[in-house]
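Accompanying notes for the structure given below.
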Amino acid sequence: MTPLIATDLVVGTATSPGPSRPRNADAHAVHTHHGRVAAGVVDGTGSDESVAALAADAVGAAVRRAARSSPVIGVVHAAELCCDYDADGSAPVRPTGAIVVASTRPGLLWRIAWAGDSSAYGWHGGDRGLVRVTTPHTRGEELRREGAPEEEARRHDHQLLNSLARVPLYGVEAVEAIAPLLVLASDGLAAAPLPALAEVLRDHHRDPRACADALLAAARDHGSQDDITVVVIPHPEAEGR
-7 MTPLIATDLV VGTATSPGPS RPRNADAHAV HTHHGRVAAG VVDGTGSDES VAALAADAVG
53 AAVRRAARSS PVIGVVHAAE LCCDYDADGS APVRPTGAIV VASTRPGLLW RIAWAGDSSA
113 YGWHGGDRGL VRVTTPHTRG EELRREGAPE EEARRHDHQL LNSLARVPLY GVEAVEAIAP
173 LLVLASDGLA AAPLPALAEV LRDHHRDPRA CADALLAAAR DHGSQDDITV VVIPHPEAEG
233 R
C-alpha cells in the first residue's frame, strides 16, 4: 500500500474493512511538527457513515495536537469532537471509538496515550522481540485482572470501558516506551496472537510497508472479522537498527 511520508520517514500503513462490514470505520493519520512525528489510529464504534467520519476527524485532530504538545493532549482534543451527552450525562449521543496516539522524543522514546482497545506494540528485536505497550480498556481485560477464566474474559473483549466519548468521564491513560519501531493498530489486529505478530516483525521490520501489509494478513489468517488498521512507524533515530 502507499506509504505515508513524514519528513524523510517512511511509515507503513495497511487498512481494510471487516469482510461483512458495509464500510471501514477505522482511520489513521501521521503528522510532523518541527521534527517531532505523531501517529494515531481511531477505531470507530459501528459502521455508520457518521462513525467513519468521526474516526477520520478525530485521528487527524489528535495527531496534529500530539506533534505540537503530547499524545494525551491530542486524545483530549479529539474527544471534544464527540463529548455531547444525554440529559442525565450517562451516555454519549454522538459516535465514538477507541484511539491510540504516539509521538517521538529523543533517545528512541515514544509517548503513547490511548482510550479503548486500540493498541501500541514496541519492536525491540533480539530476546525482547515484540512487546504490547498498551492495555485494552475492556471488560474482558478487567475480568482477566480479576482472575476470571480466559474463555469467559474473551467473551467480553468487545465491551469498551473507555472511548473517545468517555474521556471527559474517565480520562486518558499514557505511558512512555523506548523502541526503535512502533506498531499502532485497531483491535482487529489482536485476533493474531503476539507470537504470530512477532514473527512478522522479525521478517519485515526493516520494510514498514511490507510489515504493515503482512500484519494485516496475519490477523485475517487468524480469523479477524473486524476492520483492521495498522501503522508501522520507525523512530527517526532508529536508522540501521
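Counting in our numbering, the sequence shown runs from -7 upward without gaps. Where is the CB? At the ideal position from N, CA and C, for every residue including glycine.
When DSSP labels each residue in this structure, what does His148 get in the three-state scheme? For the purposes of this step, residue 148 is identified with residue 156 of the sequence shown, where counting begins at 1. The three-state secondary structure of His148, taken from DSSP, is coil.
Exposed or buried, His20, counting other C-beta atoms within 10 Å across all chains shown (16 or more means buried)? The residue given as residue 20 occupies position 28 in the sequence shown. By the Cβ neighbour-count rule, His20 is buried, with 16 or more other Cβ atoms within 10 Å of its own.
Would you mind reading off the limits of the beta strand (DSSP E) that contains Ser39? The sequence position of residue 39 within the sequence shown is 47, counting from 1. Where Ser39 is concerned, there is no enclosing beta strand (DSSP E), because DSSP gives it neither an H nor an E.
The beta strand (DSSP E) with Gly89 in it runs from where to where? For this step, residue 89 is matched to residue 97 along the sequence shown. For Gly89, the enclosing beta strand (DSSP E) starts and ends at 89 to 97.
Should Ile104 and Val167 be called a contact, given that it needs their Cβ atoms to be closer than 7 Å? For this step, residue 104 is matched to residue 112 along the sequence shown. For this step, residue 167 is matched to residue 175 along the sequence shown. Going by C-beta atoms, Ile104 is nearer than 7 Å to Val167.
How would you write the range of the alpha helix (DSSP H) that Val224 sits in, first residue to last? As a position in the sequence shown, residue 224 is number 232, starting the count at 1. For Val224, no alpha helix (DSSP H) segment is defined; the enclosing uninterrupted segment is the beta strand (DSSP E) at 220 to 226.
Out of His129, Gly4, Ala58, Asp179, state which residue places its alpha-carbon closest to the alpha-carbon of His25. For the purposes of this step, residue 25 is taken as residue 33 along the sequence shown, with counting starting at 1. Each of His129, Gly4, Ala58, Asp179 was checked against the Cα of His25, and the nearest Cα belongs to Ala58.
Can you say whether Pro128 is buried or exposed, counting buried as having 16 or more other CB atoms within 10 angstroms of its CB? Within the sequence shown, the letter at position 136 stands for residue 128. By the 10 Å Cβ count, Pro128 comes out buried.
Starting from Gly66 and walking both ways along the alpha helix (DSSP H), at which residues does that stretch end? Locating residue 66 in the sequence shown gives position 74, counting from the first residue. Where Gly66 is concerned, the enclosing alpha helix (DSSP H) stretches over 63 to 71.
For Glu231, name the three-state secondary structure that DSSP assigns. Within the sequence shown, residue 231 is the residue found at index 239, counting from 1. Correct three-state label for Glu231: coil.
Tell me the DSSP secondary structure of Gly114 in three-state form. The residue labelled residue 114 in the question sits at position 122 within the sequence shown. Per DSSP, reduced to three states, the secondary structure at Gly114 is strand.
Find out if the Cβ-Cβ distance for the pair Ala107, Val51 is shorter than 7 Å. To locate residue 107, count along the sequence shown from 1; it is residue 115. To locate residue 51, count along the sequence shown from 1; it is residue 59. In this structure, Val51 does not lie closer than 7 Å to Ala107 by Cβ.
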